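2 protein chains.
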Amino acid sequence: MNILVDAMGGDKGPKVVVKGSILALKELNVDITLVGDESIIRKELSENNYTGDRISIIHAEEVINNEDEAAMAIRRKKNSSMIIALNLLKDEKYQGFISTGNTGALITGGTLITKRIKGIERAAIASPFPTENGMAFLLDAGANADCKPDYLKQFGLMGSIYYEKLFEVSSPKVGLANIGVEKEKGNLLVKEAYELLENSNINFIGNVEARDIPRGKADVIVCDGFVGNIILKLTEGLAFTIFDILKDEFMKSFSRKIGALLLKSSFKAFKSKMDYREYGGAPLLGISKPVIKAHGSSDEIAVKNAIKQTKNFAEKDIIKIIEDNISISE
Amino acid sequence: MNILVDAMGGDKGPKVVVKGSILALKELNVDITLVGDESIIRKELSENNYTGDRISIIHAEEVINNEDEAAMAIRRKKNSSMIIALNLLKDEKYQGFISTGNTGALITGGTLITKRIKGIERAAIASPFPTENGMAFLLDAGANADCKPDYLKQFGLMGSIYYEKLFEVSSPKVGLANIGVEKEKGNLLVKEAYELLENSNINFIGNVEARDIPRGKADVIVCDGFVGNIILKLTEGLAFTIFDILKDEFMKSFSRKIGALLLKSSFKAFKSKMDYREYGGAPLLGISKPVIKAHGSSDEIAVKNAIKQTKNFAEKDIIKIIEDNISISE
Numbered sequence: 085m086n087i088l089v090d091a092m093g094g095d096k097g098p099k100v101v102v103k104g105s106i107l108a109l110k111e112l113n114v115d116i117t118l119v120g121d122e123s124i125i126r127k128e129l130s131e132n133n134y135t136g137d138r139i140s141i142i143h144a145e146e147v148i149n150n151e152d153e154a155a156m157a158i159r160r161k162k163n164s165s166m167i168i169a170l171n172l173l174k175d176e177k178y179q180g181f182i183s184t185g186n187t188g189a190l191i192t193g194g195t196l197i198t199k200r201i202k203g204i205e206r207a208a209i210a211s212p213f214p215t216e217n218g219m220a221f222l223l224d225a226g227a228n229a230d231c232k233p234d235y236l237k238q239f240g241l242m243g244s245i246y247y248e249k250l251f252e253v254s255s256p257k258v259g260l261a262n263i264g265v266e267k268e269k270g271n272l273l274v275k276e277a278y279e280l281l282e283n284s285n286i287n288f289i290g291n292v293e294a295r296d297i298p299r300g301k302a303d304v305i306v307c308d309g310f311v312g313n314i315i316l317k318l319t320e321g322l323a324f325t326i327f328d329i330l331k332d333e334f335m336k337s338f339s340r341k342i343g344a345l346l347l348k349s350s351f352k353a354f355k356s357k358m359d360y361r362e363y364g365g366a367p368l369l370g371i372s373k374p375v376i377k378a379h380g381s382s383d384e385i386a387v388k389n390a391i392k393q394t395k396n397f398a399e400k401d402i403i404k405i406i407e408d409n410i411s412i413s414e
Numbered sequence: 085m086n087i088l089v090d091a092m093g094g095d096k097g098p099k100v101v102v103k104g105s106i107l108a109l110k111e112l113n114v115d116i117t118l119v120g121d122e123s124i125i126r127k128e129l130s131e132n133n134y135t136g137d138r139i140s141i142i143h144a145e146e147v148i149n150n151e152d153e154a155a156m157a158i159r160r161k162k163n164s165s166m167i168i169a170l171n172l173l174k175d176e177k178y179q180g181f182i183s184t185g186n187t188g189a190l191i192t193g194g195t196l197i198t199k200r201i202k203g204i205e206r207a208a209i210a211s212p213f214p215t216e217n218g219m220a221f222l223l224d225a226g227a228n229a230d231c232k233p234d235y236l237k238q239f240g241l242m243g244s245i246y247y248e249k250l251f252e253v254s255s256p257k258v259g260l261a262n263i264g265v266e267k268e269k270g271n272l273l274v275k276e277a278y279e280l281l282e283n284s285n286i287n288f289i290g291n292v293e294a295r296d297i298p299r300g301k302a303d304v305i306v307c308d309g310f311v312g313n314i315i316l317k318l319t320e321g322l323a324f325t326i327f328d329i330l331k332d333e334f335m336k337s338f339s340r341k342i343g344a345l346l347l348k349s350s351f352k353a354f355k356s357k358m359d360y361r362e363y364g365g366a367p368l369l370g371i372s373k374p375v376i377k378a379h380g381s382s383d384e385i386a387v388k389n390a391i392k393q394t395k396n397f398a399e400k401d402i403i404k405i406i407e408d409n410i411s412i413s414e
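Going down the list, the sequences are from chains W and F.
So the number in our numbering is just where the residue sits in the first sequence, counting from 1, plus 84.
So the number in our numbering is just where the residue sits in the second sequence, counting from 1, plus 84.
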């Protein structure tokens with residue numbers, strides 16, 4: 085197994101990606117191909133005293149930044165680490181690709197270069213979403229702002245297969261994010277998607293109201309990319325805002341400061357429960373090879389976990405199963 | 085000034101509505117007309133030892149429940165407290181109406197019976213949304229699951245006028261809920277709405293990402309009713325989930341329990357900051373008379389505050405100002 089890793093991109097640059105790759109080698113039986121600026125990568129490898137032969141380097145002159153507009157970057161930066169890796173990914177030699185870089189470029193590039201799975205109309209970002217009782221997957225988390233009902237049906241199918249295989253949970257619960265639980269609720273898009281999901285062969289549990297998403301009512305939450313991105317970003321913003329307000333309150337008296345000190349471990353436990361780093365990253369479902377988008381602010385642990393996840397994604401033959409199910413369901 | 089109050093509906097029934105009305109009379113110079121079951125209302129008035137003459141009763145035989153489908157309820161329950169009140173509201177004698185009942189029926193009934201402001205295409209629910217630095221208004225919060233760009237422009241205009249007059253803040257910041265700050269981000273709906281809002285005479289600050297809504301980046305947040313309802317319900321669900329998880333953590337050791345005790349007042353302060361009851365309710369903007377929807381779980385304080393808000397809504401001549409601005413902007 086040989087996993088392509090985009091050494092560039094991400095808020096913390098090649099340093100954490102190289103470190104994360106070395107950590108992954110200690111844990112997993114894989115080869116890793118780092119794509120990016122060769123001299124920087126070599127420097128990081130030697131700083132980490134890596135002398136093994138399971139890491140290869142493929143040089144890339146350019147980097148796609150987070151500020152780059154996706155379609156433009158794909159056209160113009162042919163020599164960027166991401167585009168080179170997406171081209172290499174078409175080769176049987178490589179079983180998957182992970183990047184901490186520009187999400188838009190990764191999904192557009194994955195679609196245009198590595199191509200979609202036959203029959204899949206749109207690739208989606210399946211974002212891990214921490215809930216009260218574990219981890220759910222939300223898709224689409226932002227790749228497709230405008231969706232057709234059939235896309236949502238395919239998101240449900242892909243999400244269900246990914247969740248089932250990756251977590252070894254049979255028939256995961258798939259819910260449609262909606263503004264009421266009744267079948268007739270929602271906008272035109274979700275009303276039609278409901279019909280399609282209901283008639284598919286997945287474990288569709290119907291509509292899930294937004295208030296029930298953090299409760300873990302569904303394992304896979306289906307929505308268009310606009311709604312999905314709103315859900316993700318609002319969750320992030322609210323958690324930060326709540327803790328900011330509480331922190332201010334905690335500083336208002338001596339006894340409160342003592343209280344906060346006594347609860348420090350509780351807050352820490354809460355944060356680790358909500359920590360995306362433990363999980364790794366978001367699979368781009370619908371691309372014909374395993375692609376994982378790791379968070380831009382990933383540290384080496386998150387990179388290591390994302391590499392592990394890419395390996396699992398490839399080993400469990402998820403793409404083949406999606407392919408077979410799509411051809412049956414169409 | 086005479087305010088119509090729906091005595092029925094709401095999770096806690098006529099008891100809290102009558103109590104809230106009596107509280108309102110102590111604070112405000114208004115007359116109140118309670119619409120609902122006369123014998124129940126009389127009983128509640130006498131139990132509260134109310135003997136004044138500023139409360140009138142108009143009898144209604146029926147009640148629209150939360151389970152009733154809106155359009156059906158409007159057609160079938162002509163003698164319900166809500167429908168009778170919406171009909172009375174057309175009379176100059178009454179300056180506004182508040183209900184804790186079925187939101188869908190209220191907006192449909194308001195539109196069909198009391199009618200929209202001339203030029204307004206859709207009425208919207210403007211929900212108060214507590215933020216780090218105060219209170220924002222989010223509209224539409226769920227009345228219109230499918231919107232056209234022009235509706236969103238009108239929501240921005242109405243929200244801006246309401247916020248400006250009610251809070252006496254000049255040129256409140258109006259933002260468009262979106263999945264990125266750049267103008268070209270989002271789905272087709274918000275891209276077109278952006279153009280319209282940009283060319284209107286309100287203080288449009290552009291796109292607001294969901295993570296910045298709780299931070300109070302905008303005073304008025306414009307979105308379609310599907311997205312608005314997702315935002316509201318997710319906020320509610322997340323706050324509850326976070327506190328549930330923290331509570332579990334706090335119970336795990338003796339020192340944590342002590343810590344939680346020392347922080348009790350902090351959590352209380354936080355909760356009161358987030359408390360909708362302090363504020364009252366959600367105005368239905370676009371109806372030709374002031375209508376306020378108070379939360380179904382309102383207690384008497386919330387009802388009192390919602391009556392106060394209805395009075396303000398009427399006194400500030402907000403509907404006339406919306407009317408004038410719509411005719412200019414079209």
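Ideal Cβ positions, reconstructed from N, Cα and C, are used throughout, including at glycine.
Please read these numbers as outputs of a predicted model, since none were measured by experiment.
I'd like to know whether the C-beta of residue i is nearer than 7 angstroms to at least one C-beta of chain W.
| i | result |
| --- | --- |
| residue 161 of chain F | no |
| residue 350 of chain F | yes |
| residue 305 of chain F | no |
| residue 209 of chain F | no |
Please check if any C-beta of chain F sits within less than 7 angstroms of the C-beta of residue i.
| i | result |
| --- | --- |
| residue 311 of chain W | yes |
| residue 138 of chain W | no |
| residue 334 of chain W | yes |
| residue 126 of chain W | no |
| residue 342 of chain W | yes |
| residue 339 of chain W | yes |
| residue 346 of chain W | yes |
| residue 314 of chain W | yes |
| residue 263 of chain W | yes |
Does the distance from the CB of residue i to the CB of residue j come in under 7 angstroms?
| i | j | result |
| --- | --- | --- |
| residue 168 of chain F | residue 390 of chain F | no |
| residue 302 of chain W | residue 237 of chain W | no |
| residue 416 of chain F | residue 375 of chain F | A question about residue 416 of chain F goes unanswered here, because the residues of chain F that appear run from 85 up to 414. |
| residue 333 of chain W | residue 354 of chain F | yes |
| residue 239 of chain W | residue 306 of chain W | yes |
| residue 226 of chain F | residue 209 of chain F | yes |
| residue 378 of chain F | residue 365 of chain F | yes |
| residue 87 of chain F | residue 114 of chain F | yes |
| residue 231 of chain F | residue 308 of chain F | yes |
| residue 233 of chain W | residue 196 of chain W | no |
| residue 164 of chain W | residue 176 of chain W | no |
| residue 242 of chain F | residue 406 of chain F | yes |
| residue 106 of chain F | residue 132 of chain F | yes |
Could you pull out every residue in the same chain whose Cβ sits closer than 8 angstroms to the Cβ of residue i, ignoring the five residues on either side in sequence?
| i | result |
| --- | --- |
| residue 264 of chain F | 270, 291 and 293 |
| residue 112 of chain W | 391, 392 and 395 |
Short of 7 angstroms in beta carbon distance, which residues of its chain neighbour residue i, apart from the five on each side in sequence? Order them along the chain.
| i | result |
| --- | --- |
| residue 300 of chain F | 215, 216, 217, 218 and 220 |
| residue 402 of chain F | 245, 246 and 249 |
| residue 282 of chain W | 288 |
| residue 357 of chain F | 214 |
| residue 274 of chain W | 260 and 262 |
With a threshold of 6 angstroms on Cβ separation, who are the neighbours of residue i within its own chain once the five nearest residues in sequence on each side are excluded?
| i | result |
| --- | --- |
| residue 373 of chain W | 173 and 198 |
| residue 104 of chain W | 384, 387 and 388 |
Taking only beta-carbon positions, decide if residue i is within less than 7 angstroms of chain A.
| i | result |
| --- | --- |
| residue 354 of chain F | No chain A is present in this structure, whose protein chains are W and F. |
If you pair each beta-carbon of the stretch 310-328 of chain F with each one of the stretch 332-342 of chain W, do three or more pairs fall below 8 angstroms? no
Within the chosen definition, does the stretch 131-145 of chain F reach the stretch 186-200 of chain F through at least 3 CB pairs nearer than 8 angstroms? no
Got a sec: which bits of the stretch 167-196 of chain W sit with their beta carbon under 7 angstroms from any beta carbon on chain F, in order along the chain? Correct list: empty, as no residue qualifies.
Chain F contacts made by the stretch 284-300 of chain W, where a contact means CB separation under 7 angstroms: Within the stretch 284-300 of chain W, the qualifying residues are 293, 294, 295, 296, 297, 298 and 299.
Cβ contact (3+ pairs, closer than 8 angstroms) linking the stretch 323-331 of chain W and the stretch 287-302 of chain W: no
At least three beta-carbon pairs within less than 8 angstroms, the stretch 154-161 of chain F to the stretch 122-135 of chain F: no
Under 7 angstroms (Cβ pairs) to chain F, residues found in the stretch 213-238 of chain W: 216, 226, 229 and 230
Between the stretch 377-386 of chain W and the stretch 197-205 of chain W, can you find at least three pairs of beta-carbon atoms closer than 8 angstroms? no
Near-chain W residues of the stretch 102-119 of chain F - C-beta to any C-beta below 7 angstroms: none
Can you pull out the residues from the stretch 318-329 of chain W whose beta carbon lies closer than 8 angstroms to at least one beta carbon of chain F? 318, 319, 320, 321, 322, 323, 324, 325, 326, 328 and 329
Please list the residues of the stretch 385-403 of chain F that have a C-beta atom closer than 9 angstroms to any C-beta atom in chain W, keeping them in chain order. none
What residues in the stretch 268-282 of chain W bring their beta carbon closer than 7 angstroms to a beta carbon of chain F? 270, 271 and 272
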